[in-house]
Amino acid sequence: MLDILITGFLTSAMLIIAIGAQNAFILKNGISNNHIFTIASVCFLCDVILISIGVLGIGKLIIDSIIAKLGLSLLGALFLFCYGLSALKSACQNKSMRVIADKKKSTRKEMITATLAVTLLNPHVYLDTIVIVGGIAANLNFTQKIYFLIGSLLGSLIWFFGLGYGSKKLTPLFAKPYMWKILDLVIAVIMFSISYQLVKFAYYSLS
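Counting from 10, one number per residue, gives the positions in the sequence shown under the numbering used here.
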């Protein structure tokens with residue numbers, strides 16, 4: 010069963026590591042040292058719920074539904090496009106460069122709400138966790154699914170906390186104002202790229 014656990018770990022890791030709205034959110038708050046543990050914990054707990062739902066059966070139902078795949082793809086594309094526009098706008102404003110200098114920090118409650126929003130309001134998250142991870146696990150028996158699920162969640166746990174606390178080490182680099190502009194521009198380009206890929210996925214789903 011070790012091979013199943015490793016497969017789950019690698020599947021989860023490959024999907025999560027590709028930077029998206031959620032990872033960009035963790036990265037920026039990690040650099041700002043803003044409630045890192047809370048944000049990483051909320052992201053992981055959301056993955057526990059969503060990946061469990063996908064691996065234990067719901068993912069297969071969505072895979073078999075063209076309407077569900079099409080809807081998630083287009084909504085995800087729209088969400089990421091809007092997120093990209095927001096990052097682009099942020100890159101053009103001076104306020105994005107003063108995050109570290111700004112002594113006013115969000116409360117823990119505000120960060121929990123923001124993390125839930127950037128995670129659960131993003132349809133792309135459901136494609137990754139429920140559809141793709143769930144689809145890969147669809148043909149496993151129940152025992153194998155449990156090992157696959159454990160591996161997937163380990164990948165999620167390591168990544169979210171690693172990214173949150175690892176990005177904190179970048180704080181001295183981002184003390185330079187122009188680095189925030191670069192980060193926002195990179196995030197915008199990646200969001201637009203993923204959005205485009207989701208539109209292509211929706212198109213080929215209809216083919």
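Even glycine gets a Cβ: it sits at the ideal position worked out from N, Cα and C. These figures come from a predicted structure and were not determined experimentally.
Ile24: first and last residue of the uninterrupted alpha helix (DSSP H) it sits in: Mapped onto the sequence shown, residue 24 falls at position 15. The sequence given here has Leu at residue 24, not Ile. Leu11 to Ile26 is the extent of the alpha helix (DSSP H) around Leu24.
Suppose only complete runs of 4+ residues qualify. What are the alpha helix (DSSP H) ranges in the stretch 118–177, listed by chain order? 132–135, 142–145 and 151–176
Would you please state the rounded distance, in angstroms, between the beta carbons of Leu162 and Ile60? I believe it to be under 8 Å. Residue 162 sits at position 153 when you count from the first residue of the sequence shown. Residue 60 sits at position 51 when you count from the first residue of the sequence shown. Indeed, because the Cβ distance is near 6 Å, the residues count as touching under 8 Å.
Counting Cβ pairs closer than 8 Å, one from the stretch 168–183 and one from the stretch 43–63, do we hit at least three? yes
Selection from Thr16, Met10 and Ile40 that minimises the alpha carbon distance to Gly173: Counting from 1 along the sequence shown, the entry for residue 173 is found at position 164. Nearest option by C-alpha distance: Ile40.
Specify, as a first and last residue, the run of the alpha helix (DSSP H) that Lys185 falls within. For the purposes of this step, residue 185 is taken as the residue at position 176 of the sequence shown. Element bounds for Lys185: n/a, residue is neither H nor E.
List the endpoints of the continuous alpha helix (DSSP H) containing Asn32. Position 23 of the sequence shown, counting from 1, holds the residue named residue 32. It spans Ala30 to Ile40 - the alpha helix (DSSP H) in which Asn32 sits, taken as one unbroken run.
Take every Cβ of the stretch 46–53, pair it with every Cβ of the stretch 185–203, and state whether three or more of those distances are shorter than 8 Å. no
Per-residue burial, Asp12 [other beta carbons within 10 Å of its own, 16 or more giving buried]: Here residue 12 refers to the residue found at position 3 of the sequence shown. Per the 10 Å Cβ criterion, exposed.
If distances are taken between C-alpha atoms only, which option among Ser214, Ile35 and Gly29 comes closest to Thr124? Here the question's residue 124 lines up with position 115 in the sequence shown. Minimum Cα distance to Thr124 is reached at Ile35.
Pick out whichever of Leu19, Lys37, Pro181 and Leu24 has its Cα sitting closest to the Cα of Ala96. Counting from 1 along the sequence shown, the entry for residue 96 is found at position 87. Nearest of Leu19, Lys37, Pro181 and Leu24 to Ala96, Cα basis: Lys37.
Please classify Val142 as buried or exposed, where buried requires at least 16 other C-beta atoms within 10 Å of its C-beta. In the sequence shown, residue 142 corresponds to position 133, counting from 1. Buried: at least 16 other Cβ atoms inside 10 Å.
Of the residues Thr138, Phe157 and Gly85, which one's Cα is nearest the Cα of Thr130? As a first step, residue 130 must be located in the sequence shown, where it is residue number 121. According to the sequence displayed, residue 130 carries Leu and not Thr. Ranking the options by Cα distance to Leu130, first place goes to Gly85.
Environment of Val134 [buried if 16+ CB atoms lie within 10 Å]: What you label residue 134 is simply residue 125 of the sequence shown in a count that begins at 1. That one is buried.
Among Ala147, Ala77, Thr128 and Leu94, which has the Cα closest to the Cα of Phe210? Numbered from 1 along the sequence shown, position 201 holds the residue referred to as residue 210. For the residues Ala147, Ala77, Thr128 and Leu94, the minimum Cα distance to Phe210 belongs to Ala77.
Gln206 by DSSP, collapsed to three states: which one? Sequence index remark: in the sequence shown, residue 206 carries index 197 (1-based). In the structure shown, Gln206 sits in a helix (DSSP, three-state: H, G or I).
Could you tell me which of Thr16, Ser214, Leu207 and Leu215 sits nearest to Gly29, measuring between CA atoms? As a working note, residue 29 is residue 20 in the sequence shown. Checking every option, the nearest Cα to that of Gly29 belongs to Leu207.
Would the beta-carbon of Ser214 fall within 9 Å of that of Leu79? Walking along the sequence shown from the start, residue 214 turns up at place 205. Walking along the sequence shown from the start, residue 79 turns up at place 70. Yes, they are a contact pair.
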